[in-house]
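The structure appears below as structure tokens.
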DNA sequence: TACGTATATAAGCGCAAGCGTATACAGCGT
DNA sequence: ACGCTGTATACGCTTGCGCTTATATACGTA
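Chains as they are written, first to last, in my numbering: chain A, 326 to 425; chain B, 326 to 425.
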């Protein structure tokens, strides 16, 4: 699975937002998603790991998950060339409004 | 389907990159993807339409597709709060290298 | 060693995505 | 009107995702 499919899943975006606040153990993340079972969350974490979006380090029997800095950057790199589309569009819109 | 799932598909990202160069008719897009049949491309275009990533206008019996300015911006809006992660990480790395 | 806790993996299921073939629909030219 | 071209939709099929239950693995503690 690639990083685009990884973030296409709402639950995984939720996990990313939780890890953006601070590191959390797998158990804390499971508790944050009461609609899902522990194995379901564990599988999502595995996908986030394998796509390089998060990293794990052991702490005794727990696993501490953290957002990886360069994971989402790959999406940002992809979107960058297209950014001019809405920037130019906004500029044209502002110009239009100015001329009213 | 939401915009994240829409761009998670490699074929649809390819279509987006083609439309970023210039507008194209549905037929031109079909010809640009020889691995796929015409209905397959047409369905991808429908998804891009429904998620607001492209717009269409008729030209006789042809349909001219164009990239929509504010479509990808929704992904950019989502990624923006996380941008500080790799920016801060890069800053910390530079600082570290400076101190060597 | 034995048991409890924390996390990951296995197995099986339902569902939706993506594909191709076949077909419908719309506009063009004769 | 008729056939031809361009595009979209219907249908059936296969495949892979995400889920749950059950189980394995690893660490902590008495």
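Just so you know, even glycine gets a beta-carbon here, dropped at the ideal spot from N, CA and C.
Keep in mind that this is a model prediction, so the values were computed, not measured.
Span of the alpha helix (DSSP H) around residue i
{"i": "residue 368(A)", "result": "363-375"}
{"i": "residue 399(A)", "result": "398-404"}
{"i": "residue 395(A)", "result": "Careful: residue 395(A) lies outside any alpha helix (DSSP H) and carries neither H nor E."}
{"i": "residue 346(B)", "result": "335-346"}
{"i": "residue 351(A)", "result": "351-357"}
Limits of the unbroken beta strand (DSSP E) element including residue i
{"i": "residue 382(A)", "result": "379-384"}
{"i": "residue 387(A)", "result": "387-392"}
Residue i burial status per 10 Å Cβ neighbour count (16 or more: buried)
{"i": "residue 376(A)", "result": "buried"}
{"i": "residue 408(B)", "result": "exposed"}
{"i": "residue 398(A)", "result": "buried"}
{"i": "residue 306(B)", "result": "Given that chain B is displayed from residue 326 to residue 425, the structure contains no residue 306(B) and the question cannot be resolved."}
{"i": "residue 385(A)", "result": "exposed"}
Inter-residue CB distance, residue i and residue j (contact presumed, cutoff 8 Å)
{"i": "residue 351(B)", "j": "residue 388(B)", "result": "5 Å"}
{"i": "residue 400(A)", "j": "residue 341(B)", "result": "Not really, about 13 Å apart at Cβ, beyond 8 Å."}
Own chain, CB closer than 7 Å to residue i, minus 5 neighbours either side, in chain order
{"i": "residue 391(A)", "result": "344, 348, 379 and 380"}
{"i": "residue 420(A)", "result": "none"}
{"i": "residue 367(B)", "result": "351"}
Own chain residues within Cβ distance below 8 Å of residue i, not counting five before or after
{"i": "residue 411(B)", "result": "none"}
{"i": "residue 393(B)", "result": "377, 378, 379 and 380"}
{"i": "residue 326(B)", "result": "372, 375 and 376"}
Residues near residue i in its chain [Cβ-Cβ closer than 6 Å; skip 5 each side]
{"i": "residue 334(A)", "result": "none"}
{"i": "residue 357(B)", "result": "343"}
{"i": "residue 396(A)", "result": "377 and 378"}
{"i": "residue 362(B)", "result": "none"}
Residue i CB to nearest heavy atom of the ligand ADP below 6 Å
{"i": "residue 365(B)", "result": "No copy of the ligand ADP occurs in the structure displayed, which carries no ligand at all."}
* Asked: Is it a yes or a no for the stretch 329-346 of chain B touching the stretch 370-379 of chain B, going by three-plus beta-carbon pairs under 8 Å?
  -> yes
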